[in-house]
Amino acid sequence: MMKSAGIEENLLAILDSASDSKHTPDANDDRLAFLEAVRSACIVNENPPTSKMCEAVFQILRVGKSLELITESFRLLNELDKRFPHVYLSEKEASESSHLVVVEGDWSPFLFNLENASRERGAGCRSISGPLDSLGFLQLMQELGEVANEGNIQALEIKSLRNMLVLQYLINALEGDFLPRNRVYEETMNWTHLRESLLNLLLSTRKINYKGLMKDCLTIMCGLFDVSAGISEDLESPDNAAAKLSHNDNTASALALFELGNNACFALQKLLIMIMDLDMSRKKADMQGSTTRADGVRTPLMEIILDEITYDTDMLSPFLKVFNEPKWKLEIILQYFSKYTTRLSTRTRRSNGPTEDATTFSGVLNCFSNVTSIRSITKKISADVVQVLLAHAFQAHLSLSCQQDADGIAASKDEGRSSSLAEICENIISAFSNLRRTDA
Numbered sequence: 000m001m002k003s004a005g006i007e008e009n010l011l012a013i014l015d016s017a018s019d020s021k022h023t024p025d026a027n028d029d030r031l032a033f034l035e036a037v038r039s040a041c042i043v044n045e046n047p048p049t050s051k052m053c054e055a056v057f058q059i060l061r062v063g064k065s066l067e068l069i070t071e072s073f074r075l076l077n078e079l080d081k082r083f084p085h086v087y088l089s090e091k092e093a094s095e096s097s098h099l100v101v102v103e104g105d106w107s108p109f110l111f112n113l114e115n116a117s118r119e120r121g122a123g124c125r126s127i128s129g130p131l132d133s134l135g136f137l138q139l140m141q142e143l144g145e146v147a148n149e150g151n152i153q154a155l156e157i158k159s160l161r162n163m164l165v166l167q168y169l170i171n172a173l174e175g176d177f178l179p180r181n182r183v184y185e186e187t188m189n190w191t192h193l194r195e196s197l198l199n200l201l202l203s204t205r206k207i208n209y210k211g212l213m214k215d216c217l218t219i220m221c222g223l224f225d226v227s228a229g230i231s232e233d234l235e236s237p238d239n240a241a242a243k244l245s246h247n248d249n250t251a252s253a254l255a256l257f258e259l260g261n262n263a264c265f266a267l268q269k270l271l272i273m274i275m276d277l278d279m280s281r282k283k284a285d286m287q288g289s290t291t292r293a294d295g296v297r298t299p300l301m302e303i304i305l306d307e308i309t310y311d312t313d314m315l316s317p318f319l320k321v322f323n324e325p326k327w328k329l330e331i332i333l334q335y336f337s338k339y340t341t342r343l344s345t346r347t348r349r350s351n352g353p354t355e356d357a358t359t360f361s362g363v364l365n366c367f368s369n370v371t372s373i374r375s376i377t378k379k380i381s382a383d384v385v386q387v388l389l390a391h392a393f394q395a396h397l398s399l400s401c402q403q404d405a406d407g408i409a410a411s412k413d414e415g416r417s418s419s420l421a422e423i424c425e426n427i428i429s430a431f432s433n434l435r436r437t438d439a
């Protein structure tokens, strides 16, 4: 608790004349003064913020109508969460497992607690500026989906920029809650830690269509990436940029979209990675019998992604361009190939090494080692799609190799079960050469 309830009272008094519906210059100045006062009291003087203070900052982010207000409130919320985390790991001895600390009674931007949700319903409809429940999160995603589908910077409103920042903050909050819980789960295999995570509570609710939400995430990520790429091209040509931006009443907002769009794409990638990590942990818990019927059944995100990029070929290339986390990117591509390639032996006249199947990148490349197997594959997957998949898989493989070198991971750990980088390079050249023979 803060050492004085009077500090909270004095800080909140700054907002007395700035209601959610009041957006005069004076009201906005009061909001900026409040944000600076909270930063001084909590960050500079290291006093933990109260729930009311956090909620007031979040309200400014959700209703602010100027770039300065929404960016400052967004920055302050992240600073507060970093300085005073709601969930963290306590220091431990070398021989001990990590201990998870959950600060009880802390404010949260999410409203999944049944008691709190009932209180909100009793007070009327959901607040447009308070914590979000699952339906509120779904509505936020749908509004961002409309922006991504339009792809028109001239129709941009401050609401769209605000929603991008709200989404980024919510995903940051999910990450801050999930990562320490997942680490403790990996050490203790206690599923309760992850069952109570904000991410699991969000995905487990029956109020929303989980598959639909995940498809929205993919659509928004690819759509915002295309919008940002279009703006980037315009900015590289000053004449085009001036012509387009001159028709926009808010040039600053249009320019901000490039940065916010890229950051929103990165945030959505973090969300997808967290969900796939949760799916992996959930699978382990299922195998150990730790889950119950109350945990429900959910389609793994990997399957949803594979279905989307398989049956919507227009999404394949944008998704692989924007999704750049190498480990999961390579796994997605390998899973894609495994649906269409037979498990071929890697034994050739030149190699007496171990057999590898299409679940490894070396195994996939060996499926393209001769024209006959390539013709069989390209009957199921077009040559254009194959080239895109191989190029991105090679890129991801190189990134992983660089990461391992940077982390000091010895290459000898993988000797005997994966090909060297030189062999991979030779095989990728061979694969494209053989592809050219079958499709000039």
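Numbering-wise, the sequence shown is residues 0 to 439 according to numbering that gives the first Met the number 0.
Note that beta-carbon positions come from the ideal geometry of N, C-alpha and C, so glycine has one too.
Annotation: the continuous beta strand (DSSP E) that includes L99 extends over 98-101. When the alpha-carbon of A12 is set against those of A26, L434, F336, the nearest one is in A26.
In this structure, A32 sits away from Q167, with a CB-CB distance that is not shorter than 7 Å. Within the same chain, Cβ atoms closer than 6 Å to the Cβ of F393 are found at I427, the five residues on either side in sequence being excluded. A buried status is given to C41, since no fewer than 16 other beta-carbon atoms sit within 10 Å of its beta-carbon. Ranked by Cα distance from K283, the options L137, W190, D105 are led by W190. Secondary structure of S368 (DSSP, three-state): coil.
Under the three-state reduction of DSSP, Y339 is assigned to coil, being neither helix nor strand. With a cut-off of 8 Å on Cβ pairs, the region 327-336 is in contact with the region 360-371, counting three or more such pairs. Our two residues, H85 and P108, have alpha carbons roughly 11 Å apart in a direct line. Contact annotation: the region 369-377 does not touch the region 295-313, with fewer than three C-beta pairs closer than 8 Å. Rounded to the nearest angstrom, the gap between the Cα atoms of S361 and K320 is 22 Å. Cβ-Cβ distances below 6 Å link V384 to nothing in the same chain once the five nearest sequence neighbours on each side are left out.
Setting aside the 5 residues that flank it on each side, L137 is surrounded in the same chain by I207, L212, each with a C-beta closer than 7 Å to its C-beta; the list follows chain order.
Here the alpha carbons of E185 and L160 stand approximately 37 Å from one another. According to the DSSP assignment, S65 belongs to no beta strand (DSSP E), since it is labelled neither H nor E. Exposed is the label assigned to G295, since fewer than 16 other Cβ atoms lie within 10 Å of its Cβ. Put simply, of D29, F177, V62 the residue whose alpha carbon is nearest the alpha carbon of L99 is F177. The alpha-carbon separation between L420 and S429 amounts to approximately 14 Å. For the pair K269 and E174, the CB atoms are nearer than the 7 Å cut-off. The residue among M52, E71, K51, L193 with its C-alpha nearest the C-alpha of L60 is E71. For S203, there is no enclosing beta strand (DSSP E); the enclosing alpha helix (DSSP H) has its first and last residue at 197-203.
Residue pairing by DSSP places V37 in no beta bridge whatsoever. Taking 7 Å as the cut-off, the Cβ atoms of D285 and L300 do not count as close.
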